[in-house]
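Have a look at the structure below, then the notes.
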Amino acid sequence: MADPISSPPRVLSAAAFLKLAASLGIVLLGCSLSWDSWPAAGALLAVTFAALAFAGFTLKALARRLALFLPVITLVAISIPLSQGFTASWMQLAGTVIIRGAVSFLAGLWLIRVLPFDSLLSTLYALRLPAVVVASLAMMHRYLFVLWEETSRLRIARKARCLGRQNRIAQWMAGIGMVGMLVIRSLDRGHRIHRAMLARGWDGHIRPWP
Amino acid sequence: MHIPDGLLDTPVCLVTGGISLAAVGYSVHRLKDSLADRTVPMTGMVAALVFAGQMINFPVTAGTSGHLIGGVLAARLLGPWAGCLALTLVLFVQKFLFNDGGLLALGPNVLHMAVIGSLGGYAIQSAVARLAGDTIRGRVVGVVVASWITVMAAAVLCSIEFAISQATNPDFQLGRFLALMMLFHSLIGIGESLISGGVIRFVATRRPELLYHPPASSGRPWRRTLAAGLATAVVVALLLSPLASSAPDGLEAAIQHSELRAAETPSLSLFGGYDQVLGNEGWESWSVVLSGLIGTLVVFGIALVLGRPLETTPNPAPGAPRG
Numbered sequence: 097m098a099d100p101i102s103s104p105p106r107v108l109s110a111a112a113f114l115k116l117a118a119s120l121g122i123v124l125l126g127c128s129l130s131w132d133s134w135p136a137a138g139a140l141l142a143v144t145f146a147a148l149a150f151a152g153f154t155l156k157a158l159a160r161r162l163a164l165f166l167p168v169i170t171l172v173a174i175s176i177p178l179s180q181g182f183t184a185s186w187m188q189l190a191g192t193v194i195i196r197g198a199v200s201f202l203a204g205l206w207l208i209r210v211l212p213f214d215s216l217l218s219t220l221y222a223l224r225l226p227a228v229v230v231a232s233l234a235m236m237h238r239y240l241f242v243l244w245e246e247t248s249r250l251r252i253a254r255k256a257r258c259l260g261r262q263n264r265i266a267q268w269m270a271g272i273g274m275v276g277m278l279v280i281r282s283l284d285r286g287h288r289i290h291r292a293m294l295a296r297g298w299d300g301h302i303r304p305w306p
Numbered sequence: 013m014h015i016p017d018g019l020l021d022t023p024v025c026l027v028t029g030g031i032s033l034a035a036v037g038y039s040v041h042r043l044k045d046s047l048a049d050r051t052v053p054m055t056g057m058v059a060a061l062v063f064a065g066q067m068i069n070f071p072v073t074a075g076t077s078g079h080l081i082g083g084v085l086a087a088r089l090l091g092p093w094a095g096c097l098a099l100t101l102v103l104f105v106q107k108f109l110f111n112d113g114g115l116l117a118l119g120p121n122v123l124h125m126a127v128i129g130s131l132g133g134y135a136i137q138s139a140v141a142r143l144a145g146d147t148i149r150g151r152v153v154g155v156v157v158a159s160w161i162t163v164m165a166a167a168v169l170c171s172i173e174f175a176i177s178q179a180t181n182p183d184f185q186l187g188r189f190l191a192l193m194m195l196f197h198s199l200i201g202i203g204e205s206l207i208s209g210g211v212i213r214f215v216a217t218r219r220p221e222l223l224y225h226p227p228a229s230s231g232r233p234w235r236r237t238l239a240a241g242l243a244t245a246v247v248v249a250l251l252l253s254p255l256a257s258s259a260p261d262g263l264e265a266a267i268q269h270s271e272l273r274a275a276e277t278p279s280l281s282l283f284g285g286y287d288q289v290l291g292n293e294g295w296e297s298w299s300v301v302l303s304g305l306i307g308t309l310v311v312f313g314i315a316l317v318l319g320r321p322l323e324t325t326p327n328p329a330p331g332a333p334r335g
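Protein chains in written order, with the numbering used here: chain D, 97 to 306; chain S, 13 to 335.
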């Protein structure tokens with residue numbers, strides 16, 4: 097969609113690229129771990145914990161995130177024996193899934209901490225991701241929080257209207273109505289934004305900003 | 013629905029990631045035709061909408077709740093290509109802003125929710141809506157059916173990917189795992205159908221102009237369909253043929269069990285077997301891949317030749333002189 101003449105230059109930040117590559121490397125290493133390679137798993141977990149500590153992650157914040165993640169990965173892991181019976185290998189298999197998932201989760205946390213979303217977008221753009229995809233991601237990131245607030249307002253309005261407890265069918269109908277209203281407001285907003293962009297000279301090409 | 017890292021093997025993630033990349037890349041290419049300069053604001057906005065829509069919880073049983081997935085809904089609002097891109101953006105932001113789902117598993121997650129959800133979902137809902145009539149009811153029925161089928165298709169595909177990842181585990185039983193996945197996802201699919209169908213009914217009765225209306229087909233649309241079908245068949249043949257089981261099929265097994273033997277007749281086949289196209293030992297895997305490619309192209313050619321007499325000429329416009 098964007099022609100090379102009018103597109104912004106694709107400048108790769110070495111630091112951002114290294115952070116992205118390091119995170120991907122840790123995930124790849126983590127996903128190659130097996131039950132027998134527990135010393136390597138321990139070393140990798142120690143490295144990721146250390147990296148998180150250097151990135152300024154407090155123990156409390158880490159515990160809070162792990163408290164959300166670990167039950168989910170444990171549920172996934174213990175669903176495995178349901179498919180093969182509680183044979184001798186099920187515990188090793190479930191343990192491997194938990195270790196691999198935990199290493200990847202911690203590496204993801206570290207990446208989010210050290211690479212802000214706009215730096216990530218610049219890096220992906222420099223790595224030749226199509227300009228239209230990067231611009232759509234930036235647009236989504238901008239309006240995500242606007243729609244989040246819109247959703248919160250719809251929720252508060254719903255609570256104010258019903259005052260008491262609703263039965264389940266009423267809750268579903270209200271939820272569908274909320275999503276439907278969100279769709280109408282969002283698409284209207286999208287059309288308004290498009291018209292505003294056209295008024296400013298938008299023709300579908302991504303150009304360098306001054 | 014988000015697969016975390018560690019559940020699927022790295023090669024499975026890479027292959028599914030490659031398929032997802034091809035599908036999303038093709039969607040971005042096709043956006044030029046459908047949305048043009050509206051691509052960035054509308055795709056970004058609908059991606060944000062799906063993300064925000066997923067924040068609205070629907071109570072299921074005590075203590076648990078579900079939410080919208082949104083692939084079929086996005087395709088119905090923006091069309092299949094923009095819907096696929098919007099869902100991909102949602103999954104991307106969920107990973108890189110909220111650490112939801114795996115990094116390597118982004119490929120399978122995009123395949124299950126964006127590609128199957130939006131592209132597959134759009135095809136199903138269009139077919140159903142054509143059968144049920146282009147009314148609000150027809151559209152809602154199309155969305156309901158497409159939502160349920162895409163959730164089930166994603167569950168089946170995920171089970172197969174997991175089975176391939178567990179190829180070295182002798183205790184793993186695909187049938188049992190598949191049955192469990194189908195059971196859980198049939199319930200999730202019902203929820204997704206109710207939410208997507210309800211939302212489309214809500215929008216279609218209040219603001220029908222906001223729904224996606226496909227552009228009138230131009231020229232010879234069958235050429236694109238033909239190319240897409242051939243490309244899909246070739247990709248499947250190239251990627252999946254090496255994974256084919258070496259165990260005998262139903263007929264061969266029955267022959268072996270009943271101790272029947274084919275009469276010794278001179279073989280007229282061009283090759284000795286799927287794994288002997290390249291002849292030499294050690295090239296069996298590449299022979300299977302080449303066999304898959306040759307077989308696909310030959311069958312495609314035969315179908316093309318046989319189908320030519322069935323080609324219809326377009327109907328003349330009403331009132332136009334005949335013959």
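By construction, the Cβ of each residue, glycine as well, lies at the ideal position given by its N, Cα and C atoms. Everything numeric in this text was worked out from a predicted model, so none of it was measured.
- Comparing alpha carbon positions, the residue from A179(S), L190(S), L131(S) and Y224(S) closest to V24(S) is A179(S).
- Distance from the Cα of V84(S) is smallest, within the candidate group A243(S), G210(S), M193(S) and A175(S), for G210(S).
- Ranked by how close their Cα comes to the Cα of D214(D), the residues M235(D), W186(D) and R196(D) have M235(D) in first place.
- At the C-beta level, I128(S) and W160(S) stay beyond 9 angstroms of one another.
- Not one beta carbon of chain D lies nearer than 9 angstroms to the beta carbon of R149(S).
- Close CB contacts of S208(S) within its chain, under the 6 angstroms cut and outside five residues either way in sequence, are with V84, L85, V155 and S159 (chain order).
- For chain D, the residues of the segment 53-72 of chain S that bring a beta carbon within less than 8 angstroms of one of its beta carbons are P53, M54, T55, G56, M57, V58, A59, A60, L61, F63, A64, G65, M67, I68, N69, F70 and P71, in chain order.
- Under the three-state reduction of DSSP, T183(D) is assigned to coil, being neither helix nor strand.
- Against chain D, the beta carbon of F108(S) has neighbours under 7 angstroms at I208, F213 and L216, listed in chain order.
- In the DSSP annotation of this structure, the continuous segment of the alpha helix (DSSP H) that includes L97(S) starts and ends at P92 to F110.
- A Cβ-Cβ distance of about 7 angstroms is found for the pair S128(D) and T22(S), placing them in contact under the 8 angstroms criterion.
- Shown here for K107(S): same chain residues with a beta carbon closer than 7 angstroms to its own, the five before and five after excluded, namely G113, L115 and L118 in chain order.
- Contact annotation: T55(S) and L109(S) have beta-carbon atoms that are not nearer than 9 angstroms.
- Against chain S, the beta carbon of L140(D) has no neighbour under 8 angstroms; the closest one sits roughly 12 angstroms away.
- It is roughly 30 angstroms from the alpha-carbon of T147(S) to the alpha-carbon of V40(S).
- For R50(S), the neighbours in chain D by C-beta distance under 7 angstroms run, in chain order, H290.
- Annotation for R50(S): no alpha helix (DSSP H) segment contains it, and DSSP assigns it neither H nor E.
- Burial check for W186(D): the Cβ neighbour count within 10 Å reaches 16 or more, so the residue is buried.
- For the pair L186(S) and A175(S), the CB atoms are nearer than the 9 angstroms cut-off.
- Unbroken alpha helix (DSSP H) runs of no fewer than 4 residues, entirely contained in the segment 121-191 of chain S, are found at 133-144 and 148-177, following chain order.
- Between the C-alpha atoms of L225(D) and R196(D) there is a straight-line separation of about 28 angstroms.
- Contact of L124(D) with chain S by beta-carbon distance below 8 angstroms involves T22 and L116.
- Classified as exposed, Q188(D) has fewer than 16 neighbouring CB atoms from the shown chains inside 10 Å of its CB.
- Straight-line measurement puts the Cα of V199(D) at about 8 angstroms from the Cα of I122(D).
- Contact annotation, A216(S) with L223(S): C-beta distance approximately 6 angstroms; criterion of less than 8 angstroms satisfied.
- In this chain, the alpha helix (DSSP H) harbouring E245(D) covers A227 to C258.
- With respect to the C-alpha of L166(D), the residue from R288(D), A139(D) and A190(D) having the closest C-alpha is A190(D).
- Contact annotation for I272(D) against chain S: L206, I207, G210, V211 and F214 [CB-CB distance below 8 angstroms, chain order].
- Identification of chain D residues near R219(S) by a Cβ-Cβ cut-off of 7 angstroms yields I280, ordered along the chain.
- The continuous alpha helix (DSSP H) containing I272(D) extends over residues R264 to A295.
- Taking 9 angstroms as the cut-off, the beta carbon of A64(S) is found closer than this to the beta carbon of L278(D).
- In the DSSP assignment, F113(D) falls within the unbroken alpha helix (DSSP H) covering A110 to C127.
- Contact annotation for Q185(S) against chain D: S179, Q180 and G181 [CB-CB distance below 9 angstroms, chain order].
- The C-beta separation of E204(S) from L80(S) comes to about 7 angstroms, placing the pair in contact by the 8 angstroms criterion.
- Taken through DSSP and simplified to helix, strand or coil, L223(D) comes out as coil.
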